[in-house]
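One structure is given here, and the rest of the page talks about it.
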Amino acid sequence: MQRILSTELARHTGETVTVAGWVHRRRLLKSVAFLIIRDAAGLTQVVVTEPGVRALIETLGEESVIELTGTVTANPAAPAGVELTAPALPRILNAVSVPLPFDLHRPALTATLPTQLDHAALSLRHPGRAGALRIAAAATAGFRAALEQRRFVEVHTPKIVASATESGANVFALDYFGRPAYLAQSPQFYKQLMVGVFERVYEVGPVFRAEPHDTARHLAQYTSLDAELGFIADHRDVMAVLTEVVATMTATVAERTGAAVPKVPAEIPALHFAEALRIAGAPADEPDLAPAHERALGEWALREHGSEFVFVTGYPMRKRPFYTHPQPSDPVWSNSFDLLFRGLELVTGGQRLHRWADYEAALAARGEPVEAYRGYLDAFRYGMPPHGGFAIGLERFVARLTGAANVREVTAFPRDLHRVTP
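For the sequence shown, counting from 1, position 126 maps to 126 in the numbering used here; every step adds exactly one.
Printed below as a string of structure tokens:
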């Protein structure tokens with residue numbers, strides 16, 4: 001008999017079906033026993049009254065894997081409004097005889113986060129933890145769909161690079177066949193080069209940051225959703241595309257998972273960096289936004305515009321990478337932006353330089369040798385259009401959507417300052 005998933009049972013009321021999954025919970029009452037079986041789709045309640053079946057169920061540890069055949073019976077109080085009755089003797093596919101480090105059948109995991117991460121193989125089975133990963137998958141699908149509809153081509157760029165030149169020393173070095181190499185901090189250089197091929201490109205992949213942060217918002221490896229597009233007027237064209245992408249991502253999450261998502265305005269409110277400092281109560285010479293400033297701006301956007309998103313544009317050039325295009329009216333500022341979501345930086349982006357002479361001048365101003373960037377700068381010798389792009393941190397996005405206090409709660413196997421296993 002073909003296996004039926006828990007979410008399909010209601011379509012088979014009155015029929016005899018076979019289900020399979022993990023023993024999520026047993027409730028052994030005097031006259032009846034309830035067995036909850038969990039599969040990838042949800043939960044199935046099985047009502048057991050036959051003594052032989054009950055005797056076997058009493059021997060099963062939680063998380064044992066079984067297959068069971070029974071009759072689908074309507075019951076509004078059961079998951080999905082149906083349950084299995086008159087089950088035959090279950091077939092044990094894999095019995096668990098060891099105690100679990102924590103219970104999975106409770107609505108929320110009570111174990112500490114370090115304990116959950118130490119036992120990721122088990123904790124990720126909890127519907128709450130698994131649900132966050134489903135949201136991440138849906139958000140990624142929405143990201144891809146939004147960009148595919150707008151002529152973007154998916155690319156795959158190297159994660160092992162020859163030089164640590166993009167943003168300083170916060171890179172992971174490795175031995176590459178006897179010579180030094182590094183894990184890529186972002187696909188930035190490569191996605192810019194690919195604008196010269198496809199005009200519009202995107203990538204979903206890991207990036208690596210050897211920054212010694214030990215906070216709830218930082219990881220040493222995270223998933224970056226990157227996009228780059230050519231033939232733009234300035235960074236505002238990039239912001240318009242990003243707004244449409246985030247709207248599609250949230251809509252896809254809602255459609256596929258049923259999770260509550262915020263409304264994305266057709267035009268997200270935007271502030272210049274100088275104005276953002278004033279609103280956040282920061283000194284006028286502050287070079288960047290601190291977490292407290294970001295929270296203050298999130299509160300301002302919600303209060304003044306009813307938006308959980310807000311753009312901050314025009315960050316100081318001295319705080320942005322050398323490839324950032326300066327603001328034409330005042331080169332102290334940049335044609336760059338961050339998108340804050342519920343008071344947290346979610347996206348960084350902007351317009352890039354596109355002429356070789358501008359790169360030569362920008363590198364000279366920072367005391368950087370042109371030769372170190374030769375492979376990257378070749379694209380600009382050969383002609384590149386005005387272009388720009390952005391990068392979304394997937395884990396931060398999911399954490400903000402779900403209300404998780406720590407990005408590790410929505411990451412399957414986080415890598416940070418202290419953790420490199422499991």
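Just so it is clear, CB atoms sit at the ideal spot from N, CA and C, and this is done for glycine as well.
Query, Result
"Residues that DSSP places opposite residue 31 in a beta bridge", "Answer by DSSP bridge pairing: none, since residue 31 is not bridged."
"N- and C-terminal bounds of the alpha helix (DSSP H) containing residue 243", "235-257"
"Bounding residues of the alpha helix (DSSP H) (the contiguous stretch that carries residue 14)", "Note, residue 14: premise wrong, no alpha helix (DSSP H); not H, not E."
"Environment of residue 298 [buried if 16+ CB atoms lie within 10 Å]", "buried"
"Distance between beta carbons of residue 20 and residue 60, contact taken as under 8 Å", "Going by Cβ atoms, the distance from residue 60 to residue 20 rounds to 14 Å, so no, they are not a contact pair."
"Beta-carbon proximity list for residue 405, same chain, < 7 Å, skipping 5 on both sides", "216"
"Minimum C-alpha distance to residue 186 - residue among 157, 213, 100, 11", "157"
"For residue 123, the first and last residue of its enclosing alpha helix (DSSP H)", "120-123"
"Residue nearest to residue 159 in terms of C-alpha spacing, selected from 332, 208, 112, 319", "208"
"Where residue 342 falls: helix, strand or coil (DSSP)", "coil"
"Buried versus exposed, by CB contacts within 10 Å (16 or more), residue 252", "buried"
"Endpoints, alpha helix (DSSP H) assigned at residue 63", "Careful: residue 63 lies outside any alpha helix (DSSP H) and carries neither H nor E."
"For residue 298, three-class secondary structure by DSSP", "helix"
"Given 8 Å, three or more beta-carbon pairs between the region 341-351 and the region 374-388", "yes"
"Same chain, Cβ closer than 8 Å to residue 381, neighbours up to 5 away in sequence not counted", "356"
"Contiguous alpha helix (DSSP H) assignments of at least 4 residues, all confined to the region 148-221", "188-198"
"Buried versus exposed, by CB contacts within 10 Å (16 or more), residue 213", "exposed"
"CB contact flag (residue 410, residue 139, <8 Å)", "no"
"The beta strand (DSSP E) enclosing residue 310, as first and last residue numbers", "309-313"
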